[in-house]
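Protein chains in written order, with this note's numbering: chain A, 652 to 875; chain B, 652 to 875.
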């Protein structure tokens, strides 16, 4: 292999304007008693299914969802069909949500005070990592078919997450996924990362994740 | 569900500067007899494995690879280990390759005249679609675990591709993937799209894709 001749471009990570709005969001969320979760992950990693399965296990508080996609509204429609208040943001080509979009969407969605609000970000392991939305908890979902080598390729998103959910654990054996290797690589970037392996479809690992989340958002006993 | 209150952000698709360099690249590639393929797809959709398996079947011409990643060089190292001349571009946080990066990388890689050159773009279904690199063929890889609903969510990348490779066809039955539904949705956006279903690991469908590619890049008989 030739030695890398790298052309380095540092992404303009966070605009000042976004940070200001994100802090305003966070203050408002706190005042309203919201627990807001920013869920990041690749296209097709199972974010929507995970939200539905998590919501079905969280019983103590009202739940609402903000869906982010470049186009379309299939995910918001699916979640609404599950009985969850949901609103769709279409970015129209944009590769991530920002704090201003969330401010508008939350005003339109108008969740009940005390709600747990899931924000499903646009499917993207890069651009989403640079935008604070004002959330309290940032969760990264990585599905087993994506492979255990992702931390080294997309370090920023692993560094910024509080929780890593290894999704689609039920197909790990079919796709040659090494969970221990992923854990080791992810923890080398972010030693405090909380990691769960889950299958939202089969239910494996969902209780452990849900118990953790319930405790994190201040529930005494909300998972069942 | 609340009616969508969309916050629309139109991505600045293509800078003039990128277009100018892309055209210069294309002219140079033509002059050197290169066939250059820009391979797009999500993180973990199997792009690197696909390149290795395709290269193993293309026998008529020299092959080289330009690897794009935010960080790291595991893919270029893997391909170099397969005997392929490979160079790694690290974008340092950037979410796509651009024509200027390719110009520099091709000068450093210096493929033999007449080479087939695969460019593995950064794993991203959004930002990569807006940047012409000067390639002759744009190929989108979408893996079955990502789901058959992706065309409606990421329409731009389907509209701009010449070929859609449905990768990881060997695990389709484990992940509930409907190939006919994907074909229908993709073709509704891009009626001329050429589609193959492949498993680079198992070999299924690789001959059909490879025969098409060999013909497209002007080989008489280069697949075996």
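We put the CB at the ideal spot given by N, CA and C, even for glycine.
For residue i and residue j, I'd like the C-alpha separation in whole angstroms.
{"i": "residue 769 of chain B", "j": "residue 715 of chain B", "result": "6 Å"}
{"i": "residue 794 of chain A", "j": "residue 723 of chain B", "result": "20 Å"}
{"i": "residue 713 of chain A", "j": "residue 816 of chain A", "result": "22 Å"}
{"i": "residue 699 of chain B", "j": "residue 869 of chain A", "result": "44 Å"}
{"i": "residue 832 of chain A", "j": "residue 803 of chain A", "result": "12 Å"}
{"i": "residue 747 of chain B", "j": "residue 761 of chain B", "result": "22 Å"}
{"i": "residue 669 of chain B", "j": "residue 676 of chain B", "result": "10 Å"}
{"i": "residue 867 of chain B", "j": "residue 861 of chain B", "result": "10 Å"}
{"i": "residue 661 of chain B", "j": "residue 778 of chain B", "result": "Bear in mind that the predicted position of residue 661 of chain B carries a pLDDT of just 37, short of 50, making it unreliable; the figure below should be weighed with that in mind. Straight-line Cα distance between these residues: approximately 12 Å."}
{"i": "residue 683 of chain B", "j": "residue 829 of chain B", "result": "41 Å"}
{"i": "residue 658 of chain B", "j": "residue 801 of chain B", "result": "Per-residue confidence for residue 658 of chain B stands at a pLDDT of 35, beneath the threshold of 50, marking its modelled position as unreliable; the derived number appears in the next sentence. Each residue's Cα considered, the two are about 21 Å apart."}
{"i": "residue 885 of chain A", "j": "residue 691 of chain A", "result": "Because residue 885 of chain A is not part of the residues shown, which for chain A are 652 to 875, the question remains open."}
{"i": "residue 826 of chain B", "j": "residue 693 of chain A", "result": "16 Å"}
{"i": "residue 742 of chain A", "j": "residue 719 of chain A", "result": "7 Å"}
{"i": "residue 774 of chain A", "j": "residue 758 of chain B", "result": "33 Å"}
{"i": "residue 740 of chain A", "j": "residue 799 of chain A", "result": "30 Å"}
{"i": "residue 731 of chain B", "j": "residue 737 of chain B", "result": "6 Å"}
{"i": "residue 855 of chain B", "j": "residue 855 of chain A", "result": "31 Å"}
{"i": "residue 763 of chain A", "j": "residue 679 of chain A", "result": "13 Å"}
Starting from residue i, trace the beta strand (DSSP E) both ways and give me its first and last residue.
{"i": "residue 847 of chain A", "result": "845–848"}
{"i": "residue 729 of chain B", "result": "Per DSSP, residue 729 of chain B belongs to no beta strand (DSSP E); it is in the alpha helix (DSSP H), 725–732."}
{"i": "residue 789 of chain B", "result": "788–794"}
{"i": "residue 689 of chain A", "result": "686–692"}
{"i": "residue 714 of chain B", "result": "714–720"}
{"i": "residue 776 of chain B", "result": "Note, residue 776 of chain B: premise wrong, no beta strand (DSSP E); not H, not E."}
{"i": "residue 737 of chain A", "result": "737–741"}
Can you tell which of the options has its C-alpha closest to the C-alpha of residue i?
{"i": "residue 696 of chain A", "options": "A/780, A/772, A/867, A/682", "result": "A/772"}
{"i": "residue 667 of chain B", "options": "B/767, B/782, B/847, B/831", "result": "B/782"}
{"i": "residue 876 of chain B", "options": "B/848, B/833, B/808", "result": "Because chain B in this structure spans residues 652 to 875, residue 876 of chain B falls outside the shown range and cannot be described."}
{"i": "residue 823 of chain A", "options": "A/797, A/704, A/865, A/835", "result": "A/797"}
{"i": "residue 780 of chain A", "options": "B/744, B/777, B/805", "result": "B/744"}
{"i": "residue 857 of chain A", "options": "A/826, A/679, A/749, A/705", "result": "A/705"}
{"i": "residue 805 of chain A", "options": "A/767, A/829, A/825, A/837", "result": "A/837"}
{"i": "residue 852 of chain B", "options": "B/673, B/680, B/703", "result": "B/703"}
{"i": "residue 845 of chain B", "options": "B/863, B/729, B/672", "result": "B/863"}
{"i": "residue 749 of chain B", "options": "B/766, B/855, B/850, B/674", "result": "B/674"}
{"i": "residue 767 of chain B", "options": "B/733, B/671, B/681", "result": "B/681"}
Applying the 10 Å Cβ sphere with the 16-neighbour rule, what's the burial state of residue i?
{"i": "residue 791 of chain B", "result": "buried"}
{"i": "residue 859 of chain A", "result": "exposed"}
{"i": "residue 721 of chain B", "result": "buried"}
{"i": "residue 874 of chain B", "result": "Its pLDDT being 47, under 50, residue 874 of chain B is placed unreliably by the model, and nothing is read from it."}
{"i": "residue 839 of chain A", "result": "exposed"}
{"i": "residue 931 of chain B", "result": "Nothing about residue 931 of chain B can be read from this structure; chain B reaches only from 652 to 875."}
{"i": "residue 872 of chain B", "result": "Residue placement at residue 872 of chain B is poorly supported in this model, since its pLDDT is 46, which falls under 50; the coordinates still yield a value, given next. Classification for residue 872 of chain B: exposed."}
{"i": "residue 735 of chain A", "result": "buried"}
{"i": "residue 717 of chain A", "result": "buried"}
For residue i, would you say it is in contact with chain C, using Cβ-to-Cβ distances shorter than 7 Å as the test?
{"i": "residue 691 of chain B", "result": "This model lacks chain C altogether; the protein chains it does include are A and B."}
If I follow the unbroken alpha helix (DSSP H) through residue i, where does it start and stop?
{"i": "residue 839 of chain B", "result": "830–840"}
{"i": "residue 818 of chain A", "result": "Premise fails: residue 818 of chain A lies in the beta strand (DSSP E), 814–818, not in any alpha helix (DSSP H)."}
{"i": "residue 803 of chain B", "result": "801–804"}
{"i": "residue 861 of chain A", "result": "857–867"}
{"i": "residue 951 of chain B", "result": "Residue 951 of chain B cannot be examined here, being either before or after the span of chain B that is shown, 652 to 875."}
Can you confirm whether the stretch 680–692 of chain A touches the stretch 778–792 of chain B when touching is taken to mean that 3 or more C-beta pairs between the two stretches lie within less than 8 Å? no
Segment contact flag, the stretch 735–753 of chain B with the stretch 813–829 of chain A, C-beta cutoff 8 Å, min 3 pairs:
no
- prompt: Is the stretch 799–813 of chain B touching the stretch 699–712 of chain B, taking contact as three or more C-beta pairs under 8 Å?
  reply: no
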